[in-house]
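Chains as they are written, first to last, in my numbering: chain C, 1 to 385; chain Y, 1001 to 1232.
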């Protein structure tokens, strides 16, 4: 007999209660791990998307809010209120490059995908794209589509195959090299083709602007505002506002998970309190056999620690699996749209931290029952029937 | 009485305060000879169990002292008292002696563990002890699968696991039929022959008749040991 064996014998004697208490902490930890895993790569993914945009300034429709800025980074559908004349006016400003985009959505095999109307040659230079397979657009209003690498792979599309966009069969011209951002999940069309497919003649969603001299970003923002009555946001502002909105949602989710863990911790308190009452006489017998108060305390505190340890391991496995399998299906809101492109497989350090955290929470939960058990006087415990 | 194994002087135990003050023991002086079979008798509620608990170091006296095998208990802290219980005293109670989630053998091993016996040796000793009480084949039975008499025999095996000089038994046969009681008594007689001091709380005149020594507790005081055999 060892202390460890004694603890395991005690913990498994009420199998149902053991299982249900364990499930409580496991579910709490699983939700926590899922949200941590999904949220973990969010910041770096936002920064990557912002870098992939390649712009210092973004011109958005007047009165657009943070949600639209999220959409620019994630490739969601956007209102198209910027006219051809406004685009021309912006592009006429010297000392910067301005690229208009039409951001739309379509679906392939019922899975939503981004569709972008672009100026083929200028965008290619602006984004520094290289082609992996096939050909690129051979003119400003060329037919056909160029695909992001992940999307091509997911739907097994190759140059020469056809992709259906808004009811039209469109021939795939080529596939881009992987960029690591949402461009990998996008169908690119030439701007005129996209405008006619989506009935958005002469309209675009936003204009990405790169200024020649970085120290003059503010100056150019004002120049654009002078020319057109549209919103202008710098990439830094956009990043911080997107991070704050996404971060808020993320923290809210983690708070909910924390409440689930808290509830589970009270489940452990409850179970351990019941155990101290139920085993009151046995505690007395152990004391008569020579167990110290410290020994009794350890038996109970480690018993509740085991709930946390097993619950943490189980929760991490469940949460990790959920993060991997669920993330492709939850791409439709501001908080989670980044998750789709991100690697949401959980970080081993985070899992180790979660297991440690869960064990600690359980031991803290077991503190009061363990103290109560260890403070029992032997006579009182033995006389209990 | 030369070299008593337990020596009690002026033992007082009070519970509660003021109006609810209960004087459970009112100054007990007592020597228990080494190797004797001593019965503690007396009506319920007169302080038998309190005396047992104090002799066994389960409780602290209000005043007075208990000296067991040369150690004065009032000078020990809780930790040393626990060690004394593990090594110098074996307890057997009337009901629910065994840890219900453990097998017979594991119950004995737990007592050995608490006295610091290494894991490997526990196995050997536990088997020996079960043989000694005639339950070698019940090693892996849980208490629920054993009869009352068998449970008490396991409890005795556990109580003597660490070879303590003193066995304290609180009505261990009070709940058994005659046959089971006879088996338990046979084991105790063997233990006495091996030199164990056995202190036995009982209501049974037949058991008390076998005692070397009878301590009668009444109104929190020990009455002069009477010659129970002759009186009955």
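We treat Cβ as the ideally placed atom computed from N, Cα and C, and that holds for glycine. Only a predicted model underlies this, so the values are computations on that prediction, with no experimental measurement involved.
Can you have a look at residue i and say buried or exposed, based on whether 16 or more other CB atoms are within 10 angstroms of its CB?
{"i": "residue 1151 of chain Y", "result": "buried"}
{"i": "residue 4 of chain C", "result": "exposed"}
{"i": "residue 255 of chain C", "result": "exposed"}
{"i": "residue 1122 of chain Y", "result": "buried"}
{"i": "residue 120 of chain C", "result": "buried"}
{"i": "residue 169 of chain C", "result": "exposed"}
{"i": "residue 348 of chain C", "result": "exposed"}
{"i": "residue 1020 of chain Y", "result": "exposed"}
{"i": "residue 334 of chain C", "result": "Note that residue 334 of chain C has pLDDT 44, beneath the 50 cutoff, so the model's placement of it is unreliable and the number below is only indicative. Buried is the call here."}
{"i": "residue 48 of chain C", "result": "buried"}
{"i": "residue 1205 of chain Y", "result": "exposed"}
{"i": "residue 186 of chain C", "result": "buried"}
{"i": "residue 16 of chain C", "result": "exposed"}
I'd like to know whether the C-beta of residue i is nearer than 8 Å to at least one C-beta of chain Y.
{"i": "residue 1 of chain C", "result": "yes"}
{"i": "residue 283 of chain C", "result": "no"}
{"i": "residue 378 of chain C", "result": "yes"}
{"i": "residue 382 of chain C", "result": "yes"}
{"i": "residue 185 of chain C", "result": "no"}
{"i": "residue 6 of chain C", "result": "yes"}
{"i": "residue 369 of chain C", "result": "no"}
Which same chain residues, not among the five before or five after residue i, have their C-beta less than 8 Å away from its C-beta?
{"i": "residue 364 of chain C", "result": "265"}
{"i": "residue 1202 of chain Y", "result": "1039, 1040, 1041, 1171, 1173, 1174 and 1208"}
{"i": "residue 1140 of chain Y", "result": "1103, 1104 and 1105"}
{"i": "residue 350 of chain C", "result": "33, 36, 37 and 40"}
{"i": "residue 1084 of chain Y", "result": "1057, 1068, 1071, 1073 and 1076"}
{"i": "residue 1144 of chain Y", "result": "1100"}
Beta-carbon within less than 7 Å of residue i's beta-carbon, same chain only, minus the 5 sequence neighbours each way: which residues are those?
{"i": "residue 1107 of chain Y", "result": "1098, 1099, 1154 and 1158"}
{"i": "residue 1164 of chain Y", "result": "1087, 1088, 1089 and 1090"}
Give a yes or no on whether the C-beta atoms belonging to residue i and residue j are separated by under 8 Å.
{"i": "residue 305 of chain C", "j": "residue 359 of chain C", "result": "yes"}
{"i": "residue 236 of chain C", "j": "residue 74 of chain C", "result": "no"}
{"i": "residue 1040 of chain Y", "j": "residue 1051 of chain Y", "result": "yes"}
{"i": "residue 1048 of chain Y", "j": "residue 1162 of chain Y", "result": "no"}
{"i": "residue 203 of chain C", "j": "residue 115 of chain C", "result": "no"}
{"i": "residue 36 of chain C", "j": "residue 315 of chain C", "result": "no"}
{"i": "residue 220 of chain C", "j": "residue 209 of chain C", "result": "yes"}
{"i": "residue 1104 of chain Y", "j": "residue 289 of chain C", "result": "no"}
{"i": "residue 1168 of chain Y", "j": "residue 1148 of chain Y", "result": "no"}
{"i": "residue 191 of chain C", "j": "residue 144 of chain C", "result": "no"}
{"i": "residue 7 of chain C", "j": "residue 299 of chain C", "result": "yes"}
{"i": "residue 308 of chain C", "j": "residue 361 of chain C", "result": "yes"}
{"i": "residue 373 of chain C", "j": "residue 285 of chain C", "result": "no"}
Any beta-carbon of chain C closer than 8 Å to the one on residue i?
{"i": "residue 1113 of chain Y", "result": "yes"}
{"i": "residue 1241 of chain Y", "result": "An answer regarding residue 1241 of chain Y cannot be provided, because it is not within the stretch 1001 to 1232 covered by chain Y."}
{"i": "residue 1037 of chain Y", "result": "no"}
{"i": "residue 1056 of chain Y", "result": "yes"}
{"i": "residue 1083 of chain Y", "result": "yes"}
{"i": "residue 1021 of chain Y", "result": "no"}
{"i": "residue 1086 of chain Y", "result": "yes"}
{"i": "residue 1079 of chain Y", "result": "yes"}
{"i": "residue 1200 of chain Y", "result": "no"}
{"i": "residue 1221 of chain Y", "result": "no"}
{"i": "residue 1099 of chain Y", "result": "yes"}
Closer than 6 Å by C-beta to residue i: which residues in its own chain qualify, once you throw out the five before and the five after it? Chain order, please.
{"i": "residue 130 of chain C", "result": "177"}
{"i": "residue 142 of chain C", "result": "190"}
{"i": "residue 56 of chain C", "result": "210, 211, 217 and 235"}
{"i": "residue 1081 of chain Y", "result": "1057"}
Proximal residues, the segment 269 to 298 of chain C versus chain Y, C-beta separation under 9 Å: 279, 281, 282, 284, 285, 286, 287, 288, 289, 290, 291, 292, 293, 294 and 295
Proximal residues, the segment 9 to 27 of chain C versus chain Y, C-beta separation under 7 Å: 9, 10 and 13
Members of the segment 1102 to 1129 of chain Y that neighbour chain C once the beta carbon cut-off is set at 8 Å: 1102, 1106, 1109, 1110, 1111, 1112, 1113, 1114, 1115, 1119 and 1122
Short-range partners of chain C found in the segment 1144 to 1163 of chain Y, where Cβ spacing is below 7 Å: none
Interfacial residues, the segment 1056 to 1073 of chain Y to chain C, with Cβ spacing under 8 Å: 1056, 1058 and 1059
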